[in-house]
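Single-structure report; data block below.
4 protein chains.
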Amino acid sequence: MVRVGILGATGAVGQRLIQLLEPHPDFEIAALTASPASAGKPYREAAKWRADSPIPSSVTDIEVTETTPEAIPDDVSLLFSSLPSSVGAEVEPPLAEAGYVVSSNSSNARMADDVPLVIPEVNADHVGLLEVQRDERGWDGALLKNPNCSTITMVPTLAALDGFGLERVHVATLQAVSGAGYSGVTSMEIIDNVLPHIGGEAEKMETESLKLLGEFDGAEVSPHDAEVSATTNRVPTLDGHLENVWADLAESPSVEEVQAALEAFPNLALPSSPDPLIHVFEEPGRPQPRLDRMLGDGMAVSVGGVRETPDGVQYDCLAHNTLRGAAGASVLNGELLLDEGYL
Amino acid sequence: MVRVGILGATGAVGQRLIQLLEPHPDFEIAALTASPASAGKPYREAAKWRADSPIPSSVTDIEVTETTPEAIPDDVSLLFSSLPSSVGAEVEPPLAEAGYVVSSNSSNARMADDVPLVIPEVNADHVGLLEVQRDERGWDGALLKNPNCSTITMVPTLAALDGFGLERVHVATLQAVSGAGYSGVTSMEIIDNVLPHIGGEAEKMETESLKLLGEFDGAEVSPHDAEVSATTNRVPTLDGHLENVWADLAESPSVEEVQAALEAFPNLALPSSPDPLIHVFEEPGRPQPRLDRMLGDGMAVSVGGVRETPDGVQYDCLAHNTLRGAAGASVLNGELLLDEGYL
Amino acid sequence: MVRVGILGATGAVGQRLIQLLEPHPDFEIAALTASPASAGKPYREAAKWRADSPIPSSVTDIEVTETTPEAIPDDVSLLFSSLPSSVGAEVEPPLAEAGYVVSSNSSNARMADDVPLVIPEVNADHVGLLEVQRDERGWDGALLKNPNCSTITMVPTLAALDGFGLERVHVATLQAVSGAGYSGVTSMEIIDNVLPHIGGEAEKMETESLKLLGEFDGAEVSPHDAEVSATTNRVPTLDGHLENVWADLAESPSVEEVQAALEAFPNLALPSSPDPLIHVFEEPGRPQPRLDRMLGDGMAVSVGGVRETPDGVQYDCLAHNTLRGAAGASVLNGELLLDEGYL
Amino acid sequence: MVRVGILGATGAVGQRLIQLLEPHPDFEIAALTASPASAGKPYREAAKWRADSPIPSSVTDIEVTETTPEAIPDDVSLLFSSLPSSVGAEVEPPLAEAGYVVSSNSSNARMADDVPLVIPEVNADHVGLLEVQRDERGWDGALLKNPNCSTITMVPTLAALDGFGLERVHVATLQAVSGAGYSGVTSMEIIDNVLPHIGGEAEKMETESLKLLGEFDGAEVSPHDAEVSATTNRVPTLDGHLENVWADLAESPSVEEVQAALEAFPNLALPSSPDPLIHVFEEPGRPQPRLDRMLGDGMAVSVGGVRETPDGVQYDCLAHNTLRGAAGASVLNGELLLDEGYL
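Spelled out as structure tokens, the structure:
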């Protein structure tokens, strides 16, 4: 068992990480960090546990520490990070320098040239960028990122369609409130309402997607040359980001060919990679967030409403934003790092 | 005062029509029709009144009649119709033939060659198609339609931008439950959920928009040659359709030029036409359905989030779906018909 | 394995019954009935499946039949009924007469003198009333009822406190929309709203509770002599009825004694009876419908906020209305019937 | 015109106060205070305006000040306070000492012996306690409180029934999220959920009610001797507290007598006192928060579902929690103070 730590363990994604890691076949929770105000407390006191299952008994008494190399036990080798990006920017590099391998969900440094941004089923080979990172930075550890939750929902479907010549993407999102963190959206903002324009979200989708779909030549990642235009909305759902996608393609595949390409897109032999990766609905009106977000234990991407357009194809896709889109994404990246020999 | 009737007066849009027509300066409610099961009852018994204001006392005792030429008083000249489309298809033509002028919100016949489909601020001149209609059908009355609620929300903004050379539109909608009628969406379907793909809605947006933006040459309407691709979603809001629009343009106007064109798009001197017609938000995160749907007494269209794209412009727009998008649309068309001398 | 049938299998509770019975250790689904319009169709076509898990493959091809003795296979011995009460009143007696044992969730006949109304953990001995029923009616089969969902939520807690001398109960409910069936509450009724006064619900709670808590002397059930006053509300939650209870008691137990009595109330050695039956929260602000409705696989009752009042005790209780309160209640009653030798 | 100030003007109730005071016939907004961080900014910058109507232009440029006697102009005589209670406890007494008359919605000091707690239609005579207050404290100004929003909803109905001999009250509340302030309830807490046990709320209802219904003899207020037992819940509604009330009475009035007493309870000749004060619904299923909260411009109390119980009467009542229950309550108290000659 690899002993792992969770950075930012009291937050919404931190709690999801505990739920995923506690029963994990390869990882064992050995460290939980939070803000200085929580340090020194047992986890059950430091965290306001909000999940619909009880706190796993194995973590209730773990003493929460600060997020510093000194505070984390030496026998911990892998850290899962879901820190606010400003904190992540500050503490992740010294932790990687100190020898820890950091699988991070925080948005800082995602677009840095020597930081791999990875969805294992899409671009596992980008992990090789860690060699460049270690060379350049002189780190013993490593820093690897998963993308934004709204990006993750869409990119596996684009990867599956790239064989038809992906040229241009329009995407409108309908995102769940949990994507903003536990207190990110107030009830008075969202009851009987929709909030357009989530700050910074469209830009993340537009840039991260192209890095994920890009080519790694052993030295650097060349982003995909498609054009992505995103717009984002927050809607009154708890979990599950639904996205309306138009993919303009060089070729003109039929609906059946598109569905077949999506269904055939391979998963990986990692514990958290679902089979199938992409679930295709043929009946109209699916996927729906509440009904379909837990497909593949919350790690699948589902697609429906595929139809041809004059320039390519239009469809809807859905993924669970705090599982496939955040905590599960980091865990899956940790599994990939283990599989690739980085631990 | 023009004496008017409401066809389908007990339904959700029918109740909105009563709210709008009861205090109207030019129209006086003189007939209310409903299904045979309701005929003969006073309105207060026939309708399950669901608005957040009481039934206007002037209509409580009006006896509801069937929707036939015989049942409607002769001194009524204008009929507002919000019937189910299958019923509308059956009863509207004989009423128009019998001499009534019908301003209809029902979806039947919207795309018929000799039926004007009108948003007064956008294409008032299409009313002239009624002359063709009367010639061809030998009617004394007339049948005029307003478009679908999701179409109405977007088309004024497209009309305002057509001066920049509208070429292609992508639009994703986030539509309120009231658009499906009072019982159209159950609570179990929509709590903590989004329903993608509203049946038939995208097709209406794609075809109706081009007819509305088309040219009327005195004999027929030539649809606009832009390409419109729509996708639709139902979200847990009561009223107000929010739409994410990408408009590809021949020219490359700046954000300021786009905002100026939207704000400058003129309203009409009709009682229900708001001033301004299009309200432009510069601050991020607006318009929002709950906060902004009642702008201009529910008859304005609001726009926000304008930004340039490589091919044109992206923005969000919003209108109240049962006011500007349905009952108010029909009333405004009635005002136009009065102004143009058809009554 | 006992071969069982589900009457009203296409409805909301019927679908829950399928979810519970498909993996059941003692029961095997062998018949599904619905309205004449559905008869003859395979279940997957007859039912609009709405759960967040797929239709069990073992039932997809079962041909739905009408709800008559002739249509149900002879080797089926136990029927679970979730029919509309008017239909239940018509078809349940002939089925019981024809030899079927009917465990029914329908509200008809619950208060009939010779029909046992049972929550197994509360009044399993009332099953003995079936002997009276068979004597009086000359039935080979039997008809047994579970109470209303709102009644079930509260009664186990009252039974646990009856040792302190239950005298009077006030209860206010906050009930989920699923309690009204799939189409029972429209989205326009409940978004940003509460519906007070669910028709007939308070009366059921007031009468059914006293029968459940009553004494069976081998011949008849004498209702408990406490006074119950209920008021009911529908709130915008999907599942889980929360109830605010004041129980006036002859004795004056402390909060700790009340909590201990609740926690100590025994469950039964039946597959669907959870251990513990009653989950007591000491922290404030629990139970909550979304967080706690699935305790004990949806079969537990949870209690929180216990505090003393001048006349007894006040607390909140919660149960999952379509599991513990409906489908699970019927299944548990079926397990009791099997255990007691009625099958 | 009386020049008035608003203490805590940027909060949710502060914004409601602006909406009410801006068009007020007797009051003119002349000062807006907020926390030191906002002091010095024009109101439009200091406040995040969240209402569904624009900021009144007359206040947009008012410079926000700190909440101190020095910072408030001398020609302001009446202050409306909606400060957090800890801040109110600190700043309200010195302001009253400095000569300002303070009509406060903050919860501090509501139960103090020499502070009148007033709902004008219920206990306007308690204002006389201000003489005692001035004597005892040597203040030139005065401090008067309105009760908690959940208390205000119920007390007018209890006052109307007190002629039948009010003995005991049980009340369960279903409270809107706005009662917790703009950020008080997160979306993740309340979507598909109910939160029982609002901290401190039941105690306020139990004590404040008896003070409001008590007798003032010129020297002190003797609380009513009825017993009140409250329990509280937060539900997913925006505005409007619905409450289920059991009132045990010495007499046994009929439903009609109860309804007549409620309807006959008098309003006052003050600008914000609605006529009627109490709106009685005879049809089942009303009042409902979304449909009925704006009755009497949000200042009426509505009642429905009246029925007899063995010990008295049961009914539901509703009021708009930030209008009748908070901002409107303070304004109405200010009107009373003006009418009584305190300004």
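Chains as they are written, first to last, in my numbering: chain R, 1 to 343; chain S, 1001 to 1343; chain H, 2001 to 2343; chain B, 3001 to 3343.
Think of the CB as a built atom: it goes at the ideal place given N, C-alpha and C, for glycine as much as any other residue.
These figures come from a predicted structure and were not determined experimentally.
Review point. Taking DSSP as the reference, what is the three-state secondary structure of LEU3129(B)?
Key: Within the fourth sequence, numbered from 1, the residue matching residue 3129(B) stands at position 129. Of the three classes helix, strand and coil, the one that applies to LEU3129(B) here is helix, per DSSP.
**Study point:** Exposed unless 16 or more other CB atoms sit within 10 angstroms - verdict on GLU1092(S)
**Key:** For the purposes of this step, residue 1092(S) is taken as the residue at position 92 of the second sequence. Flag for GLU1092(S) reads buried.
Check your understanding: Using a Cβ-Cβ cut-off of 7 Å (strictly less than) and excluding sequence neighbours within five positions of ALA2089(H), which residues of its own chain qualify?
Key -> Here residue 2089(H) refers to the residue found at position 89 of the third sequence. Once the five neighbours on either side are set aside, the close Cβ partners of ALA2089(H) are ASN2108 and ALA2109.
Check your understanding: Between ALA156(R) and VAL301(R), which are expected to be in contact by the criterion C-beta below 8 Å, what is the C-beta distance as a whole number of angstroms?
Key -> As a first step, residue 156(R) must be located in the first sequence, where it is residue number 156. As a first step, residue 301(R) must be located in the first sequence, where it is residue number 301. The displayed chain sequence assigns Pro, not Ala, to residue 156(R). 5 Å between Cβ atoms; contact.
Check your understanding: Rounded C-beta distance between LEU2144(H) and SER2086(H)? I'm assuming under 8 Å.
Key -> For the purposes of this step, residue 2144(H) is taken as residue 144 along the third sequence, with counting starting at 1. For the purposes of this step, residue 2086(H) is taken as residue 86 along the third sequence, with counting starting at 1. The Cβ separation is near 19 Å, so there is no contact.
Review point. Which class does SER1229(S) belong to by DSSP, given the choice of helix, strand or coil?
Key: As a position in the second sequence, residue 1229(S) is number 229, starting the count at 1. DSSP places SER1229(S) in strand when its eight states are reduced to three.
Review point. Relative to the C-alpha of HIS170(R), which residue among ALA1009(S), THR1322(S), LEU1017(S) and TYR1315(S) is closest?
Key: For the purposes of this step, residue 170(R) is taken as residue 170 along the first sequence, with counting starting at 1. For the residues ALA1009(S), THR1322(S), LEU1017(S) and TYR1315(S), the minimum Cα distance to HIS170(R) belongs to TYR1315(S).
Review point. Mind checking ASP2239(H): buried by the 16 CB within 10 Å criterion, or exposed?
Key: Taking the third sequence and counting its residues from 1, the one referred to as residue 2239(H) is at position 239. That one is buried.
Review point. Shortest alpha-carbon distance to ALA3226(B) belongs to which of HIS3241(B), PHE3164(B), LEU3083(B) and ASN3321(B)?
Key: On the fourth sequence, residue 3226(B) is found 226 positions in, with the first residue counted as 1. Minimum Cα distance to ALA3226(B) is reached at PHE3164(B).
Review point. Does the separation of the CB atoms of LEU1166(S) and ASP1248(S) fall below 9 Å?
Key: Looking up residue 1166(S) in the second sequence gives position 166. Looking up residue 1248(S) in the second sequence gives position 248. Yes, the Cβ-Cβ distance between LEU1166(S) and ASP1248(S) is below 9 Å.
Exercise for review: Give a yes or no on whether the minimum CB-CB distance between VAL1194(S) and chain R is below 9 Å.
Suggested key: Numbered from its first residue, the second sequence carries residue 1194(S) at position 194. Closer than 9 Å to some Cβ of chain R, the Cβ of VAL1194(S) qualifies, so yes.
**Study point:** Helix, strand or coil at ASP1248(S) according to DSSP, with G and I counted as helix
**Key:** Here residue 1248(S) is taken as the residue at index 248 of the second sequence, counted from 1. Residue state, collapsed to three classes: strand.
Check your understanding: Going by Cα to Cα distance, which pick from ARG290(R), ALA260(R), GLY285(R) and ASP74(R) is closest to ILE278(R)?
Key -> In the first sequence, counting from the first residue as 1, residue 278(R) sits at position 278. Taking only the C-alpha atoms, the option nearest ILE278(R) is ALA260(R).
Point to revise | Reduced DSSP secondary structure (H/G/I, E/B, other) of TYR315(R) | key: Along the first sequence, read from residue 1 onward, the residue named residue 315(R) stands at position 315. Strand, per DSSP.
Check your understanding: Does the Cβ of PRO1289(S) have 16 or more other Cβ atoms within 10 Å, making it buried, or fewer, making it exposed?
Key -> For the purposes of this step, residue 1289(S) is taken as the residue at position 289 of the second sequence. When all chains shown are included, PRO1289(S) counts as buried.
Practice item. Measure the beta-carbon distance from ILE3191(B) to ARG3234(B) and round it to whole angstroms, keeping in mind my assumption that it falls under 8 Å. Key: Translated into positions along the fourth sequence, residue 3191(B) becomes position 191. Translated into positions along the fourth sequence, residue 3234(B) becomes position 234. Separation of the CB atoms of ILE3191(B) and ARG3234(B) is rounded to 12 Å, and the pair is thereby denied contact status at 8 Å.
**Study point:** Identified DSSP bridge partners for PHE2216(H)
**Key:** Your numbering for residue 2216(H) matches position 216 in the third sequence. Beta-bridge pairing links PHE2216(H) to VAL2221(H).
**Study point:** Cross-chain neighbours of MET294(R) in chain H, by beta carbon under 9 Å
**Key:** Numbered from its first residue, the first sequence carries residue 294(R) at position 294. Here the neighbours are ASP2052 and SER2053.
Exercise for review: Measure from the C-beta of ILE2191(H) to each C-beta in chain S and report whether the shortest distance is under 9 Å.
Suggested key: Working through the third sequence from its first residue, we reach residue 2191(H) at position 191. Chain S, which has a Cβ nearer than 9 Å to the Cβ of ILE2191(H), makes this yes.
Review point. What residues from chain H crowd round HIS3197(B), counting only those whose CB sits closer than 9 Å?
Key: By 1-based counting over the fourth sequence, the position of residue 3197(B) is 197. Correct list: PRO2284, GLY2285, ARG2286, GLY2304, GLY2305 and ASP2316.
Practice item. Compute the Euclidean distance between the alpha carbons of ALA1180(S) and ASP3075(B), then round it to the nearest angstrom. Key: The residue given as residue 1180(S) occupies position 180 in the second sequence. The residue given as residue 3075(B) occupies position 75 in the fourth sequence. Computed Cα separation, rounded: 55 Å.
Exercise for review: Give a yes or no on whether 9 Å exceeds the smallest Cβ distance from VAL2091(H) to chain B.
Suggested key: Within the third sequence, residue 2091(H) is the residue found at index 91, counting from 1. Judged by the 9 Å Cβ criterion, VAL2091(H) is not in contact with chain B.
Practice item. Count the other CB atoms, across all protein chains shown, that sit within 10 Å of the CB of ARG1293(S); report buried if there are 16 or more and exposed otherwise. Key: Taking the second sequence and counting its residues from 1, one reaches residue 1293(S) at position 293. With 16 or more Cβ atoms within 10 Å of its Cβ, ARG1293(S) is classed as buried.
**Study point:** Interface partners of ARG3290(B) on chain H, CB under 7 Å
**Key:** Start at 1 with the first residue of the fourth sequence, and residue 3290(B) comes out as number 290. The answer, in chain order, is ASP2192 and ASN2193.
Check your understanding: Distance, Cα to Cα, ILE3029(B) vs SER3081(B)?
Key -> Position 29 of the fourth sequence, counted from the start, is the residue given in the question as residue 3029(B). Position 81 of the fourth sequence, counted from the start, is the residue given in the question as residue 3081(B). Cα-Cα distance, rounded: 13 Å.
Point to revise | Alpha-carbon spacing of THR3067(B) relative to THR3151(B), whole angstroms | key: On the fourth sequence, residue 3067(B) is found 67 positions in, with the first residue counted as 1. On the fourth sequence, residue 3151(B) is found 151 positions in, with the first residue counted as 1. Answer to the nearest angstrom: the Cα atoms are 27 Å apart.
Point to revise | Distance between VAL4(R) and LYS41(R) (C-alpha atoms, nearest Å) | key: Mapped onto the first sequence, residue 41(R) falls at position 41. Mapped onto the first sequence, residue 4(R) falls at position 4. When rounded, the distance between both Cα atoms is 19 Å.
Review point. Using a Cβ-Cβ cut-off of 7 Å (strictly less than) and excluding sequence neighbours within five positions of ALA39(R), which residues of its own chain qualify?
Key: Counting from 1 along the first sequence, the entry for residue 39(R) is found at position 39. Contacts found: VAL64, THR65 and GLU66.
**Study point:** Terminal residues of the beta strand (DSSP E) in which ILE1055(S) lies
**Key:** Translated into positions along the second sequence, residue 1055(S) becomes position 55. Unbroken run through ILE1055(S): none, as it is neither H nor E.
Check your understanding: What in chain R is Cβ-close to ASN1233(S), meaning under 9 Å?
Key -> As a position in the second sequence, residue 1233(S) is number 233, starting the count at 1. Those are ALA172, LEU174, VAL235, LEU242, ASN244 and ASP316, listed as they occur along chain R.
Point to revise | GLY2014(H) vs LEU2032(H) beta-carbon contact at 9 Å | key: Taking the first residue of the third sequence as 1, we reach residue 2014(H) at position 14. Taking the first residue of the third sequence as 1, we reach residue 2032(H) at position 32. Going by C-beta atoms, GLY2014(H) is nearer than 9 Å to LEU2032(H).
Point to revise | Cβ pair ASP2162(H), GLU2136(H) closer than 9 Å | key: Here residue 2162(H) corresponds to residue number 162 of the third sequence, with the count starting at 1. Here residue 2136(H) corresponds to residue number 136 of the third sequence, with the count starting at 1. Taking C-beta atoms as the reference points, ASP2162(H) and GLU2136(H) fail to come closer than 9 Å.
Exercise for review: Give the straight-line distance between the Cα atoms of ALA2326(H) and VAL3177(B), rounded to the nearest whole angstrom.
Suggested key: Indexing the third sequence from 1 puts residue 2326(H) at position 326. Indexing the fourth sequence from 1 puts residue 3177(B) at position 177. Computed Cα separation, rounded: 30 Å.
Review point. Buried or exposed: which applies to MET3188(B), given that a residue is buried once 16 or more other Cβ atoms fall within 10 Å of its Cβ?
Key: Against the fourth sequence, residue 3188(B) aligns to sequence position 188. Counting Cβ neighbours within 10 Å, MET3188(B) comes out buried, since at least 16 surround it.
Review point. Hey, out of THR2207(H), ALA2112(H), PRO2223(H) and ASP2140(H), whose CA is closest to LEU2095(H)'s CA?
Key: Translated into positions along the third sequence, residue 2095(H) becomes position 95. For LEU2095(H), the closest alpha carbon among the candidates THR2207(H), ALA2112(H), PRO2223(H) and ASP2140(H) is that of ASP2140(H).
Check your understanding: Between THR229(R) and chain S, is there a C-beta pair that is closer than 9 Å?
Key -> Stepping through the first sequence from its first residue, residue 229(R) is reached at position 229. Before going further, note that residue 229(R) is Ser rather than Thr in the sequence given. Yes, SER229(R) counts as interfacial toward chain S.
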